[in-house]
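Quick note: the sequence shown, position 201, residue 201 per the working numbering, numbers continuous.
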Amino acid sequence: MPAGGVWSKTVHYLEQSMAHWLLAGGACAVMVPAVDAQSLVQRSELHLNDYAAALDGLVLQGGNDVAPESYGEAPLHEDWRGDPVRDRYERDLIQAFVDAGKPVLGICRGLQLLNVHFGGTLMQDIEHQHPQAHVHRVLGRYEHHHHAVDFVPGTRLASLFPGVARATTNSIHHQAIKDVAPGFVVEARCPEDGVIEAVRWQGPSFVAGVQWHPEFHDPAHPHTLDDRPLLQDFLAAARAVKR
Numbered sequence: 001m002p003a004g005g006v007w008s009k010t011v012h013y014l015e016q017s018m019a020h021w022l023l024a025g026g027a028c029a030v031m032v033p034a035v036d037a038q039s040l041v042q043r044s045e046l047h048l049n050d051y052a053a054a055l056d057g058l059v060l061q062g063g064n065d066v067a068p069e070s071y072g073e074a075p076l077h078e079d080w081r082g083d084p085v086r087d088r089y090e091r092d093l094i095q096a097f098v099d100a101g102k103p104v105l106g107i108c109r110g111l112q113l114l115n116v117h118f119g120g121t122l123m124q125d126i127e128h129q130h131p132q133a134h135v136h137r138v139l140g141r142y143e144h145h146h147h148a149v150d151f152v153p154g155t156r157l158a159s160l161f162p163g164v165a166r167a168t169t170n171s172i173h174h175q176a177i178k179d180v181a182p183g184f185v186v187e188a189r190c191p192e193d194g195v196i197e198a199v200r201w202q203g204p205s206f207v208a209g210v211q212w213h214p215e216f217h218d219p220a221h222p223h224t225l226d227d228r229p230l231l232q233d234f235l236a237a238a239r240a241v242k243r
């Protein structure tokens, strides 16, 4: 029997913690709705550069896997097919904001999609493709699963946390960067296995991403990284472009 009623509807969402993280930094959080082939409005009718002109920056939040087809691979498992529709739409958004010189910050999936958009690839599943790797996701613990992250000396990210060579962050991902996109530098790694935890574009505008979820930081956990400098750096880039 086909699904009916509420089960036949698609929900667009902005995860609450993400919205509150941005609001706490003094920003206004606006969700950009997506479209697909079944939408009343077709993608060809939308001009995403209008969003890039109206908004000061773009944050790519977490969510479904990046589809292997987005970086020229076939899925190694049925469960790892990802979301190619979302990939295509968000990649168009990325390009619109980059073309406008507006800052783009990728969180978890967002970091992975930035890497793919600029020509990099991903491990579809860390456990499958890097068996000796540290555990990067425990679904039962979710944002309460942590591991160490080493900042790469001399990078912009390291400069945001002076005197901090190693930090503790949450870890909620089973995919990871495999081949780094051309023009990007690695800014952080997991010391246990070398898995990439942060990257930044060397191009003319702010394009950066982290693998962890700064919006899930709990001030009651003083041993985990206080990510506010990361947010303030992004917002400073947005204000600079606005001027």
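Note that beta-carbon positions come from the ideal geometry of N, C-alpha and C, so glycine has one too.
Just so you know, these numbers come straight off a predicted model, no measurement behind them.
**Request:** Find the nearest neighbour of L231 within the set D50, V104, I94, S70, judged by alpha-carbon distance.
**Result:** V104
**Item:** CA-to-CA distance, P182 to H20, given in whole angstroms
**Value:** 33 Å
**Prompt:** Counting only runs that start and end within the stretch 183-207, where is the alpha helix (DSSP H) found for 4 or more residues in a row?
**Reply:** none
**Asked** Whose CA, out of T169, V149, E192, H174, lies closest to the CA of D218?
**Response** T169
**Closest by C-alpha distance to H128, when choosing among V30, D79, A165, L160** = D79
**Asked** Between W212 and H47, what straight-line distance do the alpha-carbon atoms span, to the nearest angstrom?
**Response** 31 Å
**Asked** Which two residues bound the contiguous alpha helix (DSSP H) that contains L52?
**Response** Residue identity differs from the one stated: residue 52 is Ala in this sequence, not Leu. Residues 48-54.
**Message:** According to DSSP, F151 sits in a beta bridge with which residue or residues?
**Reply:** A188
**Request:** Just the C-alpha distance for H134 and D50, rounded to the nearest angstrom, thanks.
**Result:** 42 Å
**Message:** For a quick check, are the C-beta atoms of A198 and D150 less than 8 Å apart?
**Reply:** no
**Asked** Could you give the distance in angstroms between the alpha-carbon of S159 and the alpha-carbon of V35?
**Response** 38 Å
**Message:** How far does the beta strand (DSSP E) with I107 in it extend, from its first residue to its last?
**Reply:** 104-107
**Prompt:** Quick one: what's got a C-beta closer than 8 Å to L23's C-beta in the same chain, skipping five residues either side?
**Reply:** A29
**For T121 and V180, the rounded distance between their alpha carbons** = 7 Å
**Request:** Report, in whole angstroms, the separation of the C-beta atoms of D227 and P214, which I expect to be a contact under 8 Å.
**Result:** 3 Å
**Message:** Using 8 Å as the threshold, is the C-beta distance between F97 and A52 below it?
**Reply:** yes
**Asked** Is L235 closer than 8 Å to G25 when the C-beta atoms are compared?
**Response** yes
**Prompt:** If G209 sits next to L111, beta carbons under 8 Å apart, how far is it from one beta carbon to the other, in whole angstroms?
**Reply:** 3 Å
**Request:** Tell me whether the beta-carbon of I172 lies closer than 8 Å to the beta-carbon of N115.
**Result:** no
**Request:** Taking D99 as the reference, give the member of G203, P229, L225, A240 with the closest Cα.
**Result:** G203
**Request:** Quick one: residues in its chain with C-beta nearer than 8 Å to the C-beta of H12, no 5 flanking neighbours on either side, listed in chain order?
**Result:** M31, P33, A34
**Asked** Since I126 and Q175 are thought to touch, with beta carbons under 8 Å apart, how far apart are those beta carbons, to the nearest angstrom?
**Response** 7 Å
**Asked** Between the Cα of L113 and the Cα atoms of H145, N64, G154, A74, which residue gives the shortest distance?
**Response** N64
**Prompt:** Nearest-angstrom Cα distance between G154 and F161?
**Reply:** 11 Å
**Message:** Please classify P68 as buried or exposed, where buried requires at least 16 other C-beta atoms within 10 Å of its C-beta.
**Reply:** buried
**Among L225, A238, L58, nearest to H147 - alpha-carbon criterion** = L225
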